[in-house]
Ligand code: TYD
Ligand code: MG
């Protein structure tokens, strides 16, 4: 291997610098810079050889019929993708190792193979036997599902052009290497180069490609962030080992809405779709316990009911503890200050623990009112009136502000059998009374406390 020109790259986001830096100016990650070979002229020649000999065209003359979408029949994934896989698109699926990326994608390929489509699963991580065994567990055994164990990019591209599958999965992009570059598989340079060529290939041939990318906190391989700007769609797998549920969240989507989520449950026969996430996240909710509030939170275009739990108890420490899981802790501090100042609830000498049940994260202002309701209920040790949901943003003077999508949230609450909804008294959105749901409009935290119990 010839030692060529080198440069320093951030392992987290791919930022390039001519010298080593302690902190990345782009993503603020510490100690993430590594020196890498940048290939020199050979590498560039290899890349340009794949470029198309295109001529400039008048925008008027470009033919652009709506590209066909391939529905996977995995509804939760189709929704996140915006209605199915767009032909010739590149989708990055990121997530922690062991979260279920390979399992989901093998299931998706099986569903596609069942529709008589040719699909290819390329693995650089597992042997064909291991893939077969996993496939047996999750019911993936179709003839049209081809498996290739290969890590050399040039060979993968060759097989892709020979087989011409409709959809291909590269698991994972960090194991693939191009012999043009001298650096090791998983380095920023290799990940960018191999993904770049695969994406270009997808655009040229109309094959849709899923790239799997492991998220790594430390270690020597580049994270999927490096690729986010190159692909059409970015999906991240969330969930933790303590819970069976997995969420696929769309972070970027050139062909549909982003921020949409798909909910799955990990079973022993693979990932099962959770068609009714509200019921799933509320399944173990205690009846009439103080400190529990239910909030309809928008996840993409879909409202999901989640339970916010608070435990407020007098502290024995000089500096009371504040722990929040699933909600933004600075938002919680702000709401604690408002409760203290406006409602006279002196929480400053209390430990406060907040948790969103099920381990899901909710980050929109609409959950403010739910956090306040849960904290007030725990502080006063009074359960919230049964069958009540709350939502709304809280301002610094204790006013309750309107939020988006009020109608969708009230509909979901009524669908799930709730009977009361406490919501902002804003005139901007007219909400027809959903069946069986009493609407209690509040304009301030004082009014909220009157309606809660
Ligand atoms: P995997 O898809 O290999 O994760 P990734 O590709 O993201 O690294 O998932 C592995 C985990 O999923 C492993 O801990 C076992 C679990 N699992 C099940 O619980 N049920 C199953 O049917 C399968 C195939 C995996
Ligand atoms: Mg895997």
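Residue numbers (my numbering): 11 to 463.
Ideal Cβ positions, reconstructed from N, Cα and C, are used throughout, including at glycine.
Computed from a predicted structure; not experimentally measured.
| Asked | Found |
| --- | --- |
| Residue 58 to residue 198 span [Cα, whole Å] | No answer about residue 58 holds up, because its pLDDT of 48 lies below 50 and its placement is not dependable. |
| Spatial neighbours of residue 123 in its chain, beta-carbon cut-off 6 angstroms, leaving aside the 5 residues before and after | 129, 152, 154, 155 |
| Beta-carbon proximity of residue 446 to residue 420, cut-off 8 angstroms | no |
| The stretch 88-107 / the stretch 240-259 touching (three or more Cβ pairs under 8 angstroms) | yes |
| Residue 308 classed as buried or exposed, judged by whether at least 16 other C-beta atoms fall within 10 angstroms | buried |
| Inside the stretch 405-454 only - beta strand (DSSP E) runs reaching at least 3 residues | 430-434, 448-452 |
| Distance cut-off 7 angstroms: residue 72 Cβ against heavy atoms of the ligand TYD | no |
| Residue 161 Cβ short of 7 angstroms to the ligand TYD heavy atom set | no |
| Beta-carbon proximity of residue 316 to residue 400, cut-off 8 angstroms | no |
| The stretch 327-335 in contact with the stretch 291-301 per 3-pair CB rule at 8 angstroms | no |
| As assigned by DSSP and simplified to three states, the class of residue 396 | coil |
| Integer-rounded CB distance, given that residue 260 should sit under 8 angstroms from residue 90 | 5 angstroms |
| Contact with chain C by residue 32, beta-carbon distance below 8 angstroms | Absence of chain C from the displayed structure is noted, only one protein chain being present. |
| Cβ separation of residue 353 and residue 433, assumed to be a contact under 8 angstroms, to the nearest whole Å | With 8 angstroms as the limit, residue 353 and residue 433 do not qualify as a contact, their Cβ atoms being about 19 angstroms apart. |
| Expected contact under 8 angstroms - CB spacing of residue 282 and residue 290 to nearest Å | So it is not a contact: roughly 11 angstroms between Cβ atoms. |
| Nearest candidate by alpha-carbon position, reference residue 114, set 343, 86, 93 | 86 |
| First and last residue of the uninterrupted beta strand (DSSP E) at residue 361 | 360-366 |
| Between the CA atoms of residue 349 and residue 234 - distance to the nearest angstrom | 41 angstroms |
| CB-CB length for residue 402 against residue 413, believed under 8 angstroms | 6 angstroms |
| Residue 207 CB to nearest heavy atom of the ligand MG below 7 angstroms | no |
| Distance between residue 321 and residue 388 (C-alpha atoms, nearest Å) | 6 angstroms |
| Through-space distance from residue 319 to residue 255, alpha-carbon basis | 19 angstroms |
| C-alpha distance - residue 278 paired with residue 257, whole-angstrom precision | 17 angstroms |
| Residue from 92, 272, 276 whose Cα sits closest to the Cα of residue 287 | 272 |
| Test item: CB-CB of residue 69 and residue 79 under 8 angstroms | no |
| Delimiting residues of the beta strand (DSSP E) encompassing residue 321 | 312-324 |
| One or two residues paired with residue 19 in a DSSP bridge | 26, 44 |
| Residues near residue 338 by beta carbon distance below 7 angstroms, same chain, minus five either side | 373 |
| For residue 308, three-class secondary structure by DSSP | strand |
| Alpha-carbon to alpha-carbon, residue 357 and residue 150 | 55 angstroms |
| Residues near residue 377 in its chain [Cβ-Cβ closer than 6 angstroms; skip 5 each side] | 305, 307 |
| Heavy atom of the ligand MG within 7 angstroms of residue 137 beta-carbon | no |
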